Structure formats: structure tokens, C-alpha cells
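Peer 1: Residue numbers (our numbering): 23 to 410.
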Ligand code: SF4
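Next comes the structure, spelled out in C-alpha cells:
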């Protein structure tokens, strides 16, 4: 974070003479951040996005404008719990106060730019962010659940060779409200199209969530808070490719949500070819981070794993995975692969999947074979690439 002095006398929320501009720190991990106030300006009009303020800051603003501090609570509820997009709809706020808010703030919201429905019911949203960039989020319906698959970054910097998102490169991290709004959108779609509640959230969309650590955790904080969506953290899973120092930080931060690791190979040489991050975050280091995670949280981890023809479909691959699974209590999801246009990878044969199931079963590892959803609209795992 870098603090810059504004040329104006007052910041747009009325705090002294200083406007603090937000510059992402290293990987936006939040490590070493000491910022206490953020002034996020709207790019087209010179107003602040009101949702960049926390409740205490909102309260300060009201007091600074000779208003009762409880107004902050009312406005905060409209903004987060009710996800209001317009000051005029804040019916318990007087007209003069609404006008004052409008003269200082905007409410930035994502917009669904395109929505596609798969023949299996999956919905893929291309959502437009405040700066016009697009990310994708997916509603996945099954008999028992409705799951929201959420993006955390525009593009991705990690170059996993099997992933369509990697081709987009990383453009920026999503703000907490942009992450939150994806969940709100899918919650509304679950209600509208299925007449059922949203039950689960997975951070498996575009981007590596741990490389947007601070914003992802802030968004989850709001999703789980009673003054937000009030969802249980146990229904949320963050999936990482294995950024080891940040897995340890999650444990230190005592998060209550679930952890999944995209593993895809338990042999260093192969994994590094599939996922270049493995060169700097090796399997040994990953194992060490997972031991730390388990020692602090006592919660098991899920390994996401795709078996590709000719890549990791041999007995030695399955045995290496079974051995890795002994590090801490875990389970394995074997995920069906969805080829991306000209990519070299193909889903392994049913016999290879059965081999994995046999070997993992023999080592008492719980394994689920997961069929991909939304393949016909490029909404399946690894296919999110803004093609709609
Ligand atoms: S798999 Fe995840 S971390 Fe790897 S390139 Fe794709 S989005 Fe990024």
C-alpha cells in the first residue's frame, strides 16, 4: 500500500486533507498492510464508491456531516444485506440525506452482461465490472445443492497449462464488493430459475484466490456475516493451486471455510509441467503447509484432481496421489476434464479412473468422481475464458 497526498483540500468523504489511493501490495496478499482508510474513486465521475467504506468509516462520515451515527447502520444494511443499487430506494433515509449521499458517493455494482444456460441447467454469467472488464461466474445446480462458482481475479498470472483462464493473463484483482456481488447475482438466479436457495460457494472461477488474499477474505467476511448474506462458512470452499505461505496464513488467520487444493499430480516433475507454480511451491513445501493447516484448523483438505490420457493415468501416478493423501486427513475429487479448443490434454479413459479409484480405496482415501457441468456453454472446470 502507498499513501499519497491529494491536491484537494478534502477527500470526498470529508476526511481532513488526505486522500489515500490504493496500490495493490505484493500479490495483494494483505501482508504488511496497515491501511485504515480507502478512498476508491469512480473512474468516470469524481465520487467515491460508498461500499469501499467499512461501517466505522461510514459512521465517521455521517458524524462529520452532522448526521446521527445510527444512519450509518441503516445505510450499511441497505448496501450489503439488501444489496441496493440506488440511494433513492433507501426508504428510511430522508430525501435531503439521500441527496447528500448522492452528491458524495456512487454505488458501484457488477452487471450481468451475458447469461447462458446449459442443457444440464448450469448458468454461466459474464459479468461486467465497474471498469468494463469481464469475469465469469457459474451457477451449478444438482439434486441436493445449488453452488456458485466465483471468480477472484480478472484473468490469472499462474499459467497452468490445462486452463483456459491462464490464456487471459492477469489484469487485476477483484474488489470485495465485486466478489460479493457475484454471489448475490447467483443467489437471485437460484431463486428465480430454481426456486431454491443458494447452498454452496466455491472459489474456483477465474484467478487464484490466495493471490487476492485480502479482498477474498473481506468478501467472505461479508458473505458470512449476519449484516451481509449470513451464509455459513462451512458452505464455502476456497480452491488454490497451492500458494504455500498463504495456506499457512489462512491457518494463522483461523478461517472457518474449507480448503481445496488443485493437485493434478503428486510427482514434482509432472506437476511442474502442468502447473508452473510447483517450481517454487514444491510438493514438499505444499505438504508442510498442509500439515500446518491441519495442526491449526483440524480440518481436512480436498484435492481436486484431473486424470489426463498419457499424462498422469498410470499406476505410479495413482500411487503417488494415494501416498500424498496420507499427509493429513483428506479426500479426492476426480474431476472430468473439458478439453479447451486446441489444447493437448484429453480426459483419461474410464479404465484409468477406475484404477485411481481402486488404488485410493485400497489406501482408505475417500474419492468422488465428479462429472463436469455446463460443458456445452464452456462453463465447466478450466473452461472459463470470456468466450461468450
Ligand atoms: S487453474 Fe486457476 S490458478 Fe491455474 S491458471 Fe487457471 S485460474 Fe489460474
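Here a beta-carbon is modelled for each residue, glycine too, at the ideal position from N, C-alpha and C.
None of the values given here were measured: they were computed from a predicted structure.
Here's the rule I'm using: 16 or more other beta-carbon atoms within 10 Å means buried, otherwise exposed. How should residue 117 be labelled?
Peer 2: The residue is exposed, with fewer than 16 neighbouring Cβ atoms inside 10 Å.
Peer 1: Are residue 289 and residue 265 closer than 9 Å when you measure CB to CB?
Peer 2: no
Peer 1: Tell whether a beta-carbon distance below 9 Å holds between residue 232 and residue 269.
Peer 2: yes
Peer 1: In whole angstroms, what separates the C-alpha of residue 105 from that of residue 249?
Peer 2: 11 Å
Peer 1: What does the alpha-carbon distance come out to for the pair residue 341 and residue 297?
Peer 2: 20 Å
Peer 1: Please list, following the chain, all residues that have a C-beta closer than 7 Å to any non-hydrogen atom of the ligand SF4.
Peer 2: 178, 180, 181, 182, 185, 187, 188, 228, 229, 230, 263, 284, 297 and 404
Peer 1: What are the partner residues of residue 371, as DSSP defines its beta bridges?
Peer 2: DSSP, once it has assigned bridges, lists no residue as partnering residue 371.
Peer 1: For residue 326, tell me which candidate among 377, 345, 390 and 194 has the shortest Cα-Cα distance.
Peer 2: 390
Peer 1: Cutting at 7 Å between CB atoms, please list the residues of its own chain near residue 319, excluding the five before and the five after it.
Peer 2: 273
Peer 1: Excluding five sequence neighbours on each side, which residues of the same chain lie with their C-beta closer than 6 Å to the C-beta of residue 305?
Peer 2: 290
Peer 1: Cutting at 7 Å between CB atoms, please list the residues of its own chain near residue 393, excluding the five before and the five after it.
Peer 2: 358
Peer 1: Could you tell me whether any non-hydrogen atom of the ligand FAD is closer than 8 Å to the CB of residue 334?
Peer 2: No copy of the ligand FAD appears in this structure; the ligands present are the ligand SF4.
Peer 1: Report buried or exposed for residue 217, applying the criterion of at least 16 other Cβ atoms within 10 angstroms of its Cβ.
Peer 2: Exposed, because fewer than 16 other Cβ atoms sit within 10 Å of the Cβ of residue 217.
Peer 1: Span of the beta strand (DSSP E) holding residue 138?
Peer 2: 133 to 139
Peer 1: Pull up the DSSP beta-bridge partners for residue 163, would you.
Peer 2: 168
Peer 1: On a Cα-Cα basis, can you pick out the residue from 171, 128, 371 and 146 that is closest to residue 225?
Peer 2: For the set 171, 128, 371 and 146, the Cα lying nearest the Cα of residue 225 is the one of 171.
Peer 1: What residue does the beta strand (DSSP E) around residue 326 start on, and which one ends it?
Peer 2: 323 to 327
Peer 1: Exposed or buried, residue 374, counting other C-beta atoms within 10 Å across all chains shown (16 or more means buried)?
Peer 2: buried
Peer 1: Is the segment 138 to 154 touching the segment 196 to 211 in the sense that three or more CB pairs, one from each, lie closer than 8 Å?
Peer 2: The segment 196 to 211 is in contact with the segment 138 to 154.
Peer 1: Where residue 101 and residue 94 are concerned, what is the direct C-alpha to C-alpha distance, given to the nearest angstrom?
Peer 2: 10 Å
Peer 1: I need the DSSP call for residue 115, collapsed to helix, strand or coil.
Peer 2: coil
Peer 1: Could you tell me which residues DSSP pairs with residue 257 in its beta bridges?
Peer 2: According to DSSP, residue 257 bridges with nothing at all.
Peer 1: Kindly provide the ranges of any alpha helix (DSSP H) runs that are 4 or more residues long and lie completely inside the segment 277 to 309, ordered along the chain.
Peer 2: Here the runs fully enclosed are 290 to 296.
Peer 1: I need the DSSP call for residue 341, collapsed to helix, strand or coil.
Peer 2: helix
Peer 1: Mind checking residue 92: buried by the 16 CB within 10 Å criterion, or exposed?
Peer 2: exposed
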